Amino acid sequence: MSPRKSVAESRLTRRRILDLGLAIASAEGLERLTIGRLAAELEMSKAGVLGHFGTKESLQLAVIEAAAEMFVREVPERARGVPRGLPYLRAAGEAWISYLERDLLPGGCFFTAAAAEFDGREGPVRDAVARTSAFWQRELRVNIWRAVSLGELPPDTDIDQLLYEIVAIMLALNHFRQLHGDRQASARARRALEGLF
Numbered sequence: 001m002s003p004r005k006s007v008a009e010s011r012l013t014r015r016r017i018l019d020l021g022l023a024i025a026s027a028e029g030l031e032r033l034t035i036g037r038l039a040a041e042l043e044m045s046k047a048g049v050l051g052h053f054g055t056k057e058s059l060q061l062a063v064i065e066a067a068a069e070m071f072v073r074e075v076p077e078r079a080r081g082v083p084r085g086l087p088y089l090r091a092a093g094e095a096w097i098s099y100l101e102r103d104l105l106p107g108g109c110f111f112t113a114a115a116a117e118f119d120g121r122e123g124p125v126r127d128a129v130a131r132t133s134a135f136w137q138r139e140l141r142v143n144i145w146r147a148v149s150l151g152e153l154p155p156d157t158d159i160d161q162l163l164y165e166i167v168a169i170m171l172a173l174n175h176f177r178q179l180h181g182d183r184q185a186s187a188r189a190r191r192a193l194e195g196l197f
């Protein structure tokens, strides 16, 4: 086997592990993600899985990174090219709703589940979840500020309050879809966002 083929196969195997890990973690939580379970489901040895990540914590961190890459691809990237400010907020909101209603992960929003699982803990996994969430909130905050400065939103808009309400709508959307199977939740989320904007 050539070194190039070996590297390509290693990347493919790592991707398969991460894809399965992401699906499991979205539905059951990062703590349910074990080297043994991944090895069994992928018909690999534990040593084979460990060779890619080393520890359970490293695996969890890699799954968080994979989830962040998916979110960026499905939400901010879909709003790329839209003018900053209110048009961007609307496009990002629609992309966010679309991301959740297409059920790309069996457990819905990975970060909603991970935040609930790790919000009362300390350590690198909790910090990675919080950092990713904060990064996206900064992006939204900048665009709210831009919308206010351009006169697209009222000058007395409470930027932090509006950010809070946008995030709350998305948390509610995930909750109603995942826990209650409410297929009207997406339409409610769209109406709620439009009411804010």
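Going by full-length UniProt numbering, the sequence shown opens with residue 1, and the numbers climb by one from there.
For glycine and all other residues, C-beta sits at the position ideal for the given N, C-alpha and C.
Computed from a predicted structure; not experimentally measured.
Check: Where the alpha helix (DSSP H) through Met44 begins and ends; Outcome: Careful: Met44 lies outside any alpha helix (DSSP H) and carries neither H nor E.
Check: Span of the alpha helix (DSSP H), counted from its first residue to its last, around residue 198; Outcome: In this structure the chain extends from 1 to 197, so residue 198 is not present and cannot be described.
Check: Rounded straight-line distance, which links the Cα of Glu28 to that of Arg121; Outcome: 17 angstroms
Check: Host alpha helix (DSSP H) of Pro87 (start-end); Outcome: 86-101
Check: Complete beta strand (DSSP E) runs within the region 42-79 (minimum length 3 residues, chain order); Outcome: none
Check: Residue from Ile24, His52, Gly195 whose Cα sits closest to the Cα of Leu104; Outcome: Ile24
Check: Local conformation of Arg190 per DSSP, three classes; Outcome: helix
Check: Closest residue to Gly195 among Leu179, Ile169, Leu22 (Cα-Cα distance); Outcome: Ile169
Check: Short Cβ contact (7 angstroms threshold) for Gly85 with Arg146; Outcome: yes
Check: Residue environment, Arg177, which counts as buried when at least 16 other CB atoms sit within 10 Å; Outcome: buried
Check: Extent of the continuous alpha helix (DSSP H) run through Val82; Outcome: No alpha helix (DSSP H) holds Val82; DSSP gives it neither H nor E.
Check: Alpha carbon of Trp136 to alpha carbon of Val142, nearest angstrom; Outcome: 10 angstroms
Check: DSSP state of Phe118 mapped onto helix, strand, coil; Outcome: helix
Check: Beta-carbon gap between Gly21 and Leu12 smaller than 7 angstroms; Outcome: no
Check: DSSP-derived helix/strand/coil call for Gly107; Outcome: coil
Check: Leu153, DSSP secondary structure in three states; Outcome: coil
Check: Range of the contiguous alpha helix (DSSP H) that encloses Phe176; Outcome: 159-180
Check: Closest by C-alpha distance to Leu140, when choosing among Glu152, Ile159, Gly151; Outcome: Ile159
Check: 7 angstroms CB neighbourhood of Ala62 in its chain, flanking five on each side removed; Outcome: Leu18, Phe53
Check: Cutoff 6 angstroms; reference Gly93; Cβ partners in own chain excluding five residues on either side; Outcome: Leu193
Check: Identity of the residue in Ser149, Phe111, Phe197 nearest Glu69 by Cα; Outcome: Phe111
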